[in-house]
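Residues 24 to 473 in our numbering are what the sequence shown lists, from first letter to last.
Structure record follows, encoded as structure tokens.
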Amino acid sequence: MWHGSMKRNGANRAKTTMVMATWWSFVENGDTKLPDKNGNFSMASSLKTNKSEKRPSGNFSMPRTECDILSCPNLKAFTFSELKNATRNFRPDSLIGEGGFGYVYKGWIDEHTLEAARPGVGMVIAVKKLKPEGFQGHKEWLSEVNYLGQLHHPNLVKLIGFCLDGENRLLVYEYMPKGSLENHLFRRGARPLPWALRIKVAIGAARGLSFLHEAEQQVIYRDFKASNILLDSEFNAKLSDFGLAKAGPTGDRTHVSTQVMGTRGYAAPEYLATGRLTAKCDVYSFGVVLLELLSGRRAVDKTRVGAEQNLVDWAKPYLGDRRKLFRIMDIKLEGQYPQKGAYMVAILALQCISEAKVRPSMSEVLSALEQLPPPRDPTSPSNSDPQVIYSPHVKSPMRPNSPHLKSHLRNNYDSPVNMSPRSPLPPHMKSPILKSPRGRCFSSQLVTSV
């Protein structure tokens with residue numbers, strides 16, 4: 024079992040310091056020219072993963088038999104009757120989510136015995152009940168039990184137990200109230216997510232991915248997207264839904280060859296083209312989510328016209344230009360974000376969506392995010408905060424050459440962001456499956472070859 028955060032040795036710290044010095048120098052110098060047609064920066068070579076780096080140890084094992092997986096001592100095997108009682112017989116008013124995979128219900132269990140409890144008494148849980156005809160089948164259900172039954176980290180959702188009863192496949196998670204990042208960014212009528220919380224979520228999600236990638240037996244998440252980033256009551260991010268997770272390459276292998284499954288708009292282009300899966304595919308997906316956090320736009324939005332339908336294609340030309348970055352910033356932020364911090368995130372996103380060979384590792388991405396300018400406390404906004412671009416009269420981000428911004432940019436940006444996620448929460452609903460002309464199955468986000 025793995026617990027807690029991962030320790031870096033002295034060599035790793037030195038490497039990270041070098042990477043950040045190069046990256047910070049790039050941002051400080053304002054060099055916005057891209058040296059090649061693919062949008063790759065000359066500093067990218069310093070972000071390459073050191074193959075000799077040690078990963079954290081643990082007793083996570085692959086492959087395992089179904090019997091081994093379902094005998095996990097960390098999980099409770101619930102009966103279907105117990106979960107019916109916990110959710111009040113799966114009543115409609117207990118339903119909190121629905122998607123192509125099935126339904127999510129709210130329920131209650133005793134915190135100590137894990138027996139079903141009366142509504143409002145004991146511990147709140149989320150129960151995911153798979154549809155027999157849904158996108159997720161027994162294989163994906165078993166994969167989630169396998170990974171979350173063995174993996175333990177503050178930025179991974181906590182799986183409490185499961186139910187395998189005839190055709191019924193259910194998963195039981197600890198319930199947390201803030202839902203998914205997708206809802207906070209895109210749901211109509213949702214309260215805008217402040218800059219500080221966007222960075223907090225990005226850091227938490229990066230910690231989760233970095234933990235998976237640096238494990239002794241590497242795990243490739245393969246389905247990193249906004250709807251799979253869940254938030255607890257303090258907006259601590261947790262990765263959920265491990266149905267598509269895959270063990271990474273071992274020995275001298277550089278990749279895992281597998282059926283193409285993932286998320287349209289988030290999946291790395293080289294993986295879609297070849298089926299060769301690496302940890303850098305997750306890094307690409309992380310870059311797309313960074314773009315969503317910056318812009319407030321979905322990775323794929325068919326309601327828009329032309330190139331604007333694909334977020335990467337639309338945003339990429341602006342990411343390396345400090346003077347043009349405001350054009351892609353989320354108008355719901357109303358100009359309330361640090362210009363320098365936003366530019367640093369934009370450069371990092373551009374690195375993540377570059378060619379695989381020059382993408383940073385997730386540990387390097389995490390180090391970069393943790394050294395961003397510290398945002399103000401989102402729970403106590405102040406118009407006089409010197410680190411935040413603020414104007415009560417603007418409805419979109421202020422232009423970088425605004426004289427009001429120049430005084431703000433003289434501030435000290437040395438302190439890293441330091442936010443420690445704490446508690447887990449349940450997975451979020453997916454969108455219904457659609458058919459594409461190319462013969463692949465999609466949800467509004469999922470893509471799998473058939």
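All C-beta atoms, glycine included, are put in the ideal place defined by N, C-alpha and C.
Since the model is a prediction, treat every value here as computed from it, not as a measurement.
Can you say whether Asn251 is buried or exposed, counting buried as having 16 or more other CB atoms within 10 angstroms of its CB?
The count along the sequence shown starts at 1 and reaches residue 251 at position 228. Classification for Asn251: buried.
Burial state of Arg221 (16 or more Cβ within 10 Å)
Taking the first residue of the sequence shown as position 1, residue 221 is located at position 198. Result: buried.
Taking the continuous alpha helix (DSSP H) assigned at Met385, which residues delimit it?
Position 362 of the sequence shown, counted from the start, is the residue given in the question as residue 385. Residues 385-393.
Considering only residues of the same chain and omitting the five flanking positions on each side of Asn108, which have a CB-CB separation below 6 Å?
Walking along the sequence shown from the start, residue 108 turns up at place 85. Around Asn108: Ala139.
Among Asp116, Ala219, Ala296, which one has its Cα closest to the Cα of Phe258?
The sequence position of residue 258 within the sequence shown is 235, counting from 1. Taking only the C-alpha atoms, the option nearest Phe258 is Ala219.
Cutoff 6 Å; reference Leu314; Cβ partners in own chain excluding five residues on either side
Taking the first residue of the sequence shown as 1, we reach residue 314 at position 291. Once the five neighbours on either side are set aside, the close Cβ partners of Leu314 are Leu334, Ala338, Ala372.
Residues sharing a beta bridge with Ser280, DSSP:
Here residue 280 refers to the residue found at position 257 when the sequence shown is read from its first residue. BP columns for Ser280 point to Arg299.
8 Å Cβ cutoff met for Gly184 and Ala268
Position 161 of the sequence shown, counted from the start, is the residue given in the question as residue 184. Position 245 of the sequence shown, counted from the start, is the residue given in the question as residue 268. Not a contact, by the Cβ cut-off of 8 Å.
Please state whether the Cβ-Cβ distance between Gly172 and Leu98 is less than 8 Å.
As a position in the sequence shown, residue 172 is number 149, starting the count at 1. As a position in the sequence shown, residue 98 is number 75, starting the count at 1. Result yes, Cβ atoms of Gly172 and Leu98 sit closer than 8 Å.
Excluding the five sequence neighbours on either side, which residues of its own chain have a C-beta within less than 8 Å of the C-beta of Gly145, listed in chain order?
Stepping through the sequence shown from its first residue, residue 145 is reached at position 122. Trp131, Ile132, Asp133, Glu134, listed in sequence order.
Start and end residues, beta strand (DSSP E) containing Ile183
By 1-based counting over the sequence shown, the position of residue 183 is 160. From DSSP, the beta strand (DSSP E) with Ile183 extends over 182-188.
Considering Leu118, what are the terminal residues of the alpha helix (DSSP H) in which it resides?
As a position in the sequence shown, residue 118 is number 95, starting the count at 1. Taken as a continuous stretch (DSSP letters only), Leu118 belongs to no alpha helix (DSSP H), being part of the beta strand (DSSP E) at 118-121.
Determine the DSSP secondary structure at Lys152, reduced to helix, strand or coil.
Working through the sequence shown from its first residue, we reach residue 152 at position 129. Residue state, collapsed to three classes: strand.
Assuming Leu197 is part of the beta strand (DSSP E), what are its boundary residues?
Here residue 197 corresponds to residue number 174 of the sequence shown, with the count starting at 1. Residue identity check: residue 197 is Glu in the sequence provided, not Leu. Counting along the chain, the beta strand (DSSP E) containing Glu197 begins and ends at 191-197.
Opposite Ala268 in the DSSP bridges: which residues?
On the sequence shown, position 245 is the one that residue 268 refers to. DSSP output for Ala268 lists no bridge partner at all.
Would you decide whether Gly231 is buried or exposed? Buried here means 16 or more other CB atoms lie within 10 Å of its CB.
Counted from its first residue, the sequence shown places residue 231 at position 208. Label assigned to Gly231: buried.
So, with DSSP's three-state summary, where would you put Lys107?
Numbered from 1 along the sequence shown, position 84 holds the residue referred to as residue 107. Of the three classes helix, strand and coil, the one that applies to Lys107 here is helix, per DSSP.
Kindly indicate the opening and closing residues of the beta strand (DSSP E) around Ala249.
As a first step, residue 249 must be located in the sequence shown, where it is residue number 226. Per DSSP, Ala249 belongs to no beta strand (DSSP E) and is neither H nor E.
Ordered along the chain, which non-local residues of its own chain (more than five positions away) have a Cβ less than 6 Å from that of Pro215?
Here the question's residue 215 lines up with position 192 in the sequence shown. Within the same chain, Lys355 come within 6 Å of Pro215 by CB-CB distance, once the 5 residues on both sides are set aside.
Among Tyr366, Glu163, Ser280, Ser308, whose alpha-carbon lies nearest the alpha-carbon of Arg346?
To locate residue 346, count along the sequence shown from 1; it is residue 323. For the residues Tyr366, Glu163, Ser280, Ser308, the minimum Cα distance to Arg346 belongs to Tyr366.
First and last residue of the alpha helix (DSSP H) that includes Val224?
In the sequence shown, the residue the question calls residue 224 occupies position 201. 218-236 is the extent of the alpha helix (DSSP H) around Val224.
With contact counted as at least three CB pairs below 8 Å, one residue from each stretch, are the region 277-296 and the region 176-195 in contact?
no
Leaving aside the five residues before and after Gln332 along the sequence, list all residues of the same chain whose C-beta is less than 7 Å from its C-beta, in chain order.
Counting from one through the sequence shown, the residue named residue 332 turns up at place 309. Listed in chain order, the non-local C-beta contacts of Gln332 below 7 Å within the same chain comprise Val323, Asp324, Lys325, local neighbours out to five positions each way being set aside.
Same chain, Cβ closer than 6 Å to Cys304, five either side skipped, listed in chain order
In the sequence shown, residue 304 corresponds to position 281, counting from 1. Here the set comprises Ala291, Tyr294.
Closest Cα partner of Leu389 within the set Leu235, Trp164, Glu156, Cys90:
On the sequence shown, residue 389 is found 366 positions in, with the first residue counted as 1. Closest option to Leu389, Cα to Cα, is Leu235.
Give the DSSP-derived three-state secondary structure of Ala139 in the structure shown.
On the sequence shown, residue 139 is found 116 positions in, with the first residue counted as 1. Three-state result, Ala139: strand.
CB-CB under 7 Å to Arg192, same chain, minus the five flanking residues each way: which ones, in chain order?
Residue numbering aside, residue 192 sits at position 169 when the sequence shown is read from its first letter. Closer than 7 Å at the Cβ level, and outside the excluded window around Arg192, lie Leu153, His161, Trp164.
Three-state secondary structure (DSSP) at Asn169?
Locating residue 169 in the sequence shown gives position 146, counting from the first residue. In this structure, Asn169 counts as helix in the three-state DSSP scheme.
Among the candidates Asp246, Asp255, Gln159, Gly266, whose CA atom is the shortest distance from the CA of Glu190?
Against the sequence shown, residue 190 aligns to sequence position 167. Answer by Cα proximity: Gln159.
So the candidates are Glu156, Val168, Pro115; which of them puts its Cα closest to the Cα of Ile92?
Translated into positions along the sequence shown, residue 92 becomes position 69. Of Glu156, Val168, Pro115, the residue nearest in Cα terms is Val168.
Start and end residues, beta strand (DSSP E) containing Gly130
As a position in the sequence shown, residue 130 is number 107, starting the count at 1. Its beta strand (DSSP E) spans residues 125-132.
Please list the terminal residues of the continuous beta strand (DSSP E) segment that includes Lys261.
Translated into the one-based positions of the sequence shown, residue 261 becomes position 238. Segment 260-262, the beta strand (DSSP E) holding Lys261.
What does the Cβ neighbour count give for Asn424, buried or exposed, with the cut at 16 atoms within 10 Å?
Position 401 of the sequence shown, counting from 1, holds the residue named residue 424. Any reading at Asn424 must be qualified, since the residue scores a pLDDT of 44, below 50, and its modelled position is unreliable; no value is offered.
Give a yes or no on whether the C-beta atoms belonging to Ser233 and Ser117 are separated by under 8 Å.
By one-based count along the sequence shown, residue 233 stands at place 210. By one-based count along the sequence shown, residue 117 stands at place 94. Contact flag unset, no.
Assuming Gln374 is part of the alpha helix (DSSP H), what are its boundary residues?
In the sequence shown, counting from the first residue as 1, residue 374 sits at position 351. Following the DSSP letters along the chain, one finds Gln374 inside the alpha helix (DSSP H) bounded by residues 362-375.
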